[in-house]
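Residue numbers (the working numbering): 170 to 824.
For each residue, glycine too, the CB sits at the ideal point set by N, CA and C.
These numbers come from a predicted model, not from an experiment.
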DNA sequence: GGCAATCTCCTTTTT
DNA sequence: GGAGATTGCC
């Protein structure tokens, strides 16, 4: 019963746990991943075969890393160990035994596709002209949130948007139509993938026994971010499979997807026979970085009960740097990166964090300008980029001729065909399940170019996935080149090679299409050799679970932390605090926060609408950070302390 | 007049 | 990169 000697006492105790279900409450940097790896190693060495374990993580990246690290320890003995996201695990489960779930060939649709359907249904609604009816995107989010939080539409609307009750029946109609459309077209959205498995497990004993018998233990990473839909998946299995869960309430940042960080506190009530353990010593960061992280949480109205202590001791003070514009902000970061690289630091030791993918674009331009190699995690995903969607629309049609979203995208690519013509064509083949029949109907359509139809016919008879894609690409090349000639066609056309490489291993067309919708690849991410030395640019959400020697958090500005979008409730503002907390605790040795604009600490907070939403850094104690203001002439490297702070508004509330 | 092509503004977080 | 408004073509 040996465990890895490099573990501390708490980690070793968790890894060699012999009781029933366990929740390991692990603060940032306390060795969460290491403990999961050690647990897998322990089980494989002592009791389980690798294929009877499964590790659930939040990203493909984390999953791959864990499997890789177990393999380093155990070599071939870890063969068969799998880790995946919840979604991808459900998809694999369905694919392995489609009969158990009553579904075989399906097209997985992403958010953009969902929005397309909601847009059509919204405009067809009798309340379409009513300004009170939410936009398609809001309807889509509403639908998804209700499912993920396992509440009813009425309950949710009553609690959160009571005004919308006036249009309740219209909203219900739209959502019913959405569900009908999905089943008619063989579409599965992200939530369906979980729901199909969760519902079948909950309702069907036979399925529960079969799946339950497949595993000894499931290890769940980032437990604080699981939502009620994911719990619905886990619950029926608790009697069959042991769960080993790891999480940190202070790092819960998926409330918008139905996760409730308080759930982790009631773990032992929700899971019969469960125990809880804690990991408290931080091995990642220096004490100065933890001081500011601890301070941020201590300012919260919630009792997080977190005070991280650095095993590594003291280091450098974090830096807060203010610039006059986002351009000077991003230029400074690029120059700082160059400076450190010239001193011998590899690029890959740097992580740049942003709240939104959009705000990463300015820094991205500076990196390109200075020729600094980087990858953007959370930026554009390869399968979501326009040219790939264009190409794959043809492939989607072949995989599922009922796929109207693919049809409209494909048909409107060609010159002289717009929404209306494509809409008519789709109408004509709406119920045609065979591609052959659809093609012969469309041949008679006058506005459609014969070439565009021939391509589909040619691709259809190819023997494998790559050959189909090659055929489609050859036929579409000229059209795509014309469409993207002003937008980097040279670079875009290279992506076809990536697509072909990915597809060469796939036997089934829909497996290939679905896999990368569920587990995305990023455009700037090198597909096969990601050992490359690159700076990482990432949204904070996508950076969860990672760490880096030097971390830049950009745009730490009033309005961004907390985001103006979160002003509605204290709960959502507190989630923003945790987002910043996650960002701070990624840093091992150097933490640099940057921001831009003209504001003073006092005015920053004064513009906030209510008493509880203040700019997080307003009350930052003087000695916690090195503060540099580069906004004014000649201001350059002098370090300054903060201005006199506004006295915090304490006391009772009268109204 | 109907439809396609083009231009301008805005951008939460993810599977 | 997309939504929505506007322009311009048949």
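Under a Cβ-count criterion, where at least 16 other Cβ atoms within 10 Å of its own Cβ denotes burial, should residue 547 be classed as buried or exposed?
The count along the first chain starts at 1 and reaches residue 547 at position 378. When all chains shown are included, residue 547 counts as buried.
Closer than 7 Å by C-beta to residue 697: which residues in its own chain qualify, once you throw out the five before and the five after it? Chain order, please.
Translated into positions along the first chain, residue 697 becomes position 528. For residue 697, the predicted model reports a pLDDT of 41, less than 50, meaning its position is unreliable; a value from the coordinates is still stated below. Within the same chain, residue 697 has no close Cβ partners at all.
Could you tell me whether the Cβ atoms of residue 518 and residue 651 are closer together than 7 Å?
Here residue 518 is taken as the residue at index 349 of the first chain, counted from 1. Here residue 651 is taken as the residue at index 482 of the first chain, counted from 1. Their beta carbons are not under 7 Å apart, which means residue 518 does not touch residue 651 by this criterion.
Relative to the C-alpha of residue 764, which candidate in 349, 305, 727, 525 has its C-alpha closest?
The sequence position of residue 764 within the first chain is 595, counting from 1. Residue 727 is the option with its Cα nearest to residue 764.
Residues bridged to residue 253 by DSSP?
Taking the first residue of the first chain as 1, we reach residue 253 at position 84. 225, per the DSSP bridge assignment.
Find out if the Cβ-Cβ distance for the pair residue 247, residue 294 is shorter than 7 Å.
As a position in the first chain, residue 247 is number 78, starting the count at 1. As a position in the first chain, residue 294 is number 125, starting the count at 1. The answer is no: Cβ separation not under 7 Å.
On the three-state DSSP scale, how would you describe residue 455?
Position 286 of the first chain, counted from the start, is the residue given in the question as residue 455. Here residue 455 sits in coil by DSSP.
Spatially closest choice to residue 798 from 492, 275, 198, by CA coordinates:
As a working note, residue 798 is residue 629 in the first chain. When each option's Cα is compared against that of residue 798, the closest is 492.
Option nearest residue 755 by Cα separation, candidates 454, 292, 730
Position 586 of the first chain, counted from the first residue, corresponds to residue 755. Nearest option by C-alpha distance: 454.
Can you give me the C-alpha to C-alpha distance between residue 352 and residue 757, rounded to a whole angstrom?
Position 183 of the first chain, counting from 1, holds the residue named residue 352. Position 588 of the first chain, counting from 1, holds the residue named residue 757. The alpha-carbon atoms of residue 352 and residue 757 are separated by roughly 49 Å.
At which residues does the alpha helix (DSSP H) containing residue 744 begin and terminate?
Counting from 1 along the first chain, the entry for residue 744 is found at position 575. Residue 744 -> alpha helix (DSSP H) spans 739–753.
Quick check on DSSP: helix, strand or coil for residue 384?
Numbered from its first residue, the first chain carries residue 384 at position 215. In the structure shown, residue 384 sits in coil (DSSP, three-state: anything other than H, G, I, E or B).
Using the Cα positions of residue 556 and residue 657, report the straight-line distance between them to the nearest angstrom.
As a working mapping, residue 556 is identified with position 387 in the first chain. As a working mapping, residue 657 is identified with position 488 in the first chain. Their Cα atoms are separated by approximately 11 Å.
Tell me the rounded alpha-carbon separation between residue 221 and residue 264.
Indexing the first chain from 1 puts residue 221 at position 52. Indexing the first chain from 1 puts residue 264 at position 95. One C-alpha to the other measures close to 18 Å.
If I measure Cβ to Cβ from residue 464 and keep anything under 8 Å in the same chain, skipping five residues before and after, which residues do I get?
Within the first chain, residue 464 is the residue found at index 295, counting from 1. Counting only Cβ-Cβ distances below 8 Å, and skipping sequence neighbours, we find 789, 790, 793.
Should the region 298–318 be regarded as contacting the region 382–398, the criterion being three or more beta carbon pairs within less than 8 Å?
yes
So, helix, strand or coil for residue 759, using DSSP?
As a position in the first chain, residue 759 is number 590, starting the count at 1. Residue 759: strand per DSSP, three-state reduction.
The region 443–459 / the region 200–215 touching (three or more Cβ pairs under 8 Å):
yes
In three-state DSSP terms, what is residue 480?
As a first step, residue 480 is located in the first chain; it is residue number 311 there, counting from the start. The answer is coil: DSSP assigns residue 480 none of H, G, I, E or B.
Status (buried if at least 16 other CB within 10 Å, exposed otherwise) for residue 694:
As a first step, residue 694 must be located in the first chain, where it is residue number 525. Because the pLDDT of residue 694 is 47, which lies under 50, any placement of that residue in the model is unreliable, and the number read from its coordinates should be weighed accordingly. It counts as buried.
Burial state of residue 803, where buried means 16 or more other Cβ atoms lie within 10 Å:
Reading the first chain from its first residue, position 634 is the one you call residue 803. Here residue 803 scores only 46 on pLDDT, less than 50, and its place in the model should not be relied on; the value that follows carries that caveat. Classification for residue 803: exposed.
Taking contact to mean at least 3 C-beta pairs separated by less than 8 Å, is the region 481–490 in contact with the region 666–673?
no
Would you call the region 224–231 and the region 699–716 in contact, with 3 or more CB pairs under 8 Å?
yes
So who's on the other strand from residue 195, going by DSSP bridges?
If you number the first chain from 1, residue 195 lands on position 26. 448, per the DSSP bridge assignment.
Where residue 188 and residue 213 are concerned, what is the direct C-alpha to C-alpha distance, given to the nearest angstrom?
Start at 1 with the first residue of the first chain, and residue 188 comes out as number 19. Start at 1 with the first residue of the first chain, and residue 213 comes out as number 44. Computed Cα separation, rounded: 16 Å.
Buried or exposed: where does residue 683 fall if 16 or more other Cβ atoms within 10 Å of its Cβ makes it buried?
For this step, residue 683 is matched to residue 514 along the first chain. Classification of residue 683: buried, given that the 10 Å Cβ count is 16 or more.
With a CB to CB cut of under 8 Å and the five nearest residues on each side skipped, what residues in its chain are close to residue 205?
Stepping through the first chain from its first residue, residue 205 is reached at position 36. Within the same chain, residue 205 has close Cβ partners 224, 235, 388, 390, 413, 415.
My parser needs the alpha helix (DSSP H) runs of 4 or more residues fully inside the region 500–564; what are they?
529–538
Contact set for residue 805: own chain, Cβ-Cβ below 8 Å, skip 5 residues either direction
On the first chain, residue 805 is found 636 positions in, with the first residue counted as 1. Unreliable placement is indicated for residue 805, whose pLDDT of 45 sits below 50; the coordinate value is still reported in the next sentence. So the list reads 799, once near-sequence residues are dropped.
Tell me, to the nearest whole angstrom, how far the beta carbon of residue 743 is from that of residue 471; I am working on the premise that it is less than 8 Å.
Locating residue 743 in the first chain gives position 574, counting from the first residue. Locating residue 471 in the first chain gives position 302, counting from the first residue. Indeed, because the Cβ distance is near 6 Å, the residues count as touching under 8 Å.
Report the option in 558, 566, 616, 176 whose CA atom is closest to the CA atom of residue 606.
Within the first chain, the letter at position 437 stands for residue 606. The option with the nearest alpha carbon to residue 606 is 566.
Quick one: measure Cβ to Cβ for residue 473 and residue 418, integer angstroms, because I've assumed they're closer than 8 Å.
For this step, residue 473 is matched to residue 304 along the first chain. For this step, residue 418 is matched to residue 249 along the first chain. About 7 Å; that satisfies the 8 Å criterion.
Should the region 618–632 be regarded as contacting the region 588–603, the criterion being three or more beta carbon pairs within less than 8 Å?
no
As assigned by DSSP and simplified to three states, the class of residue 317:
For this step, residue 317 is matched to residue 148 along the first chain. Here residue 317 sits in helix by DSSP.
Counting C-beta neighbours from all protein chains within 10 Å, is the total for residue 337 16 or more, i.e. buried, or is it exposed?
As a position in the first chain, residue 337 is number 168, starting the count at 1. So residue 337 counts as exposed.
If residue 685 sits next to residue 552, beta carbons under 8 Å apart, how far is it from one beta carbon to the other, in whole angstroms?
Taking the first residue of the first chain as position 1, residue 685 is located at position 516. Taking the first residue of the first chain as position 1, residue 552 is located at position 383. Sure, about 5 Å apart at Cβ, within 8 Å.
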